[in-house]
Structure formats: structure tokens, C-alpha cells
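Asker: Supplied in C-alpha cells, the structure appears directly below.
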């Protein structure tokens, strides 16, 4: 009889372990939501809308400069058609920005203060390490000189990037991104 009780206990423990494991697997299968987005404390310089799941104002995600910088900044130097010689850009990786807003589309339309717009495949952001630059050569970029935000590819990192289609995707004076 002692053997029967041990088998029942073992079966019960095994069943409980299997249930716990199944629960953990189910929880792991659900993608984690990005943390809630704070409200801008300063002037909003970027509004993201469209296929996003994280909002802080109506159905948009709005960012001030500090919020963008808090996502984590990176930098690279590259030559561009718009400046003489190599320039160092510093900004937020577009991949991080889209993750922060829970983006789920396949391309982004960047809209600039001067009404320029361009469509950019989201796959470009990870493939080429594209950033949303806030600084050029250590200084914040003013509106009169392509600021406050500039989508920049590291053009020197790959000869493929030194083509018109990538230069056309490098939008400056960016104020809005629409995920589609």
C-alpha cells in the first residue's frame, strides 16, 4: 500500500509540474508589451502614429528630446551628399524607437517640417543600423540645418547605400513617423 501512495504522489507532482511548465510556455509565447510611454515634459519634437501599440496621447506616441535620448543613443561617422567630408551623427537606433512604440508594420512614412515625405522599409533599420539623429558633430541640429531630427544611414558602411534611393530615404527635419 505504501508503494501505491508514493505512485499517486509522484503522479500528482508530475501533473503539477507539467501544468506549471505548460503555463510558463504559454506565458513565454505571448510577446511582452513594451513599457508604458511617459508624457513629454518639454516640447514634442516627434509624433509616431499608425500601426503602434504604445501610446501617450490619443492614438499617438509623442516624444520630446529627453525621451528620445533616454531610449539610448549611438553614433557613427559617414560622408553624405549634403556635407563636405565625414560627419558624426548621434541618435536613437530606429529599431529601438519602433520597439518602444510597439510598431507592427512593414514600412514607415517619414514626414518632415518642410512637407517632404519618404517611405522607408522597416527592414532597412536593422539591416543598415539606421538612426534618428539628434546631433551632428556633437551639437543638436537646428531646424535651419536639417534638425531637429534626421533619419541617417551609415552610407560609408556599405557601397549599396551610396545610391539615390537610400539618400532619398534619409529625411531631415523629421517631425512625424507613420507606421504602415
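In our numbering, the protein residues as written are -13 to 166. Quick reminder that beta carbons are idealized off the backbone N, C-alpha and C, glycines included. Nothing here was measured: the structure is a model prediction, and the numbers come from that model.
Using alpha carbons as the reference points, say which of 99, 122, 98 lies closest to residue 70.
Answerer: 122
Asker: Is the distance from the Cβ of residue 37 to the Cβ of residue 90 below 7 Å?
Answerer: yes
Asker: According to DSSP, is residue 81 part of a helix, a strand, or is it coil?
Answerer: helix
Asker: Taking the DSSP output, what are the residues bridged to residue 119?
Answerer: 77, 136
Asker: Just how far apart, CA to CA, sit residue 144 and residue 99?
Answerer: 29 Å
Asker: Quick check on DSSP: helix, strand or coil for residue 105?
Answerer: strand
Asker: I need the boundaries of the beta strand (DSSP E) containing residue 96, first residue and last residue.
Answerer: 93 to 98
Asker: State the Cα-Cα distance for the pair residue 81 and residue 35, rounded to the nearest angstrom.
Answerer: 15 Å
Asker: According to the neighbour-count rule (16 or more other Cβ atoms, all chains shown, within 10 Å of its Cβ), is residue 159 buried or exposed?
Answerer: Buried is the call here.
Asker: Return yes when the C-beta of residue 122 is under 6 Å from any heavy atom of the ligand ADP, and no when it is not.
Answerer: Absence of the ligand ADP from the depicted structure is noted, as is the absence of any ligand whatsoever, leaving it without description.
Asker: How many angstroms separate the CA atom of residue 54 from the CA atom of residue 115?
Answerer: 17 Å
Asker: Using the Cα positions of residue 64 and residue 133, report the straight-line distance between them to the nearest angstrom.
Answerer: 17 Å
Asker: Taking residue 36 as part of the beta strand (DSSP E), name the residues at either end of that continuous run.
Answerer: 32 to 36
Asker: Whose C-beta lies closer than 6 Å to the C-beta of residue 164 among residues of the same chain, with five residues either side of it excluded?
Answerer: Within the same chain, residue 164 has close Cβ partners 35, 36, 95.
Asker: Could you spell out the range, first to last residue, of the alpha helix (DSSP H) harbouring residue 57?
Answerer: Premise fails: residue 57 is in no alpha helix (DSSP H) and is neither H nor E.
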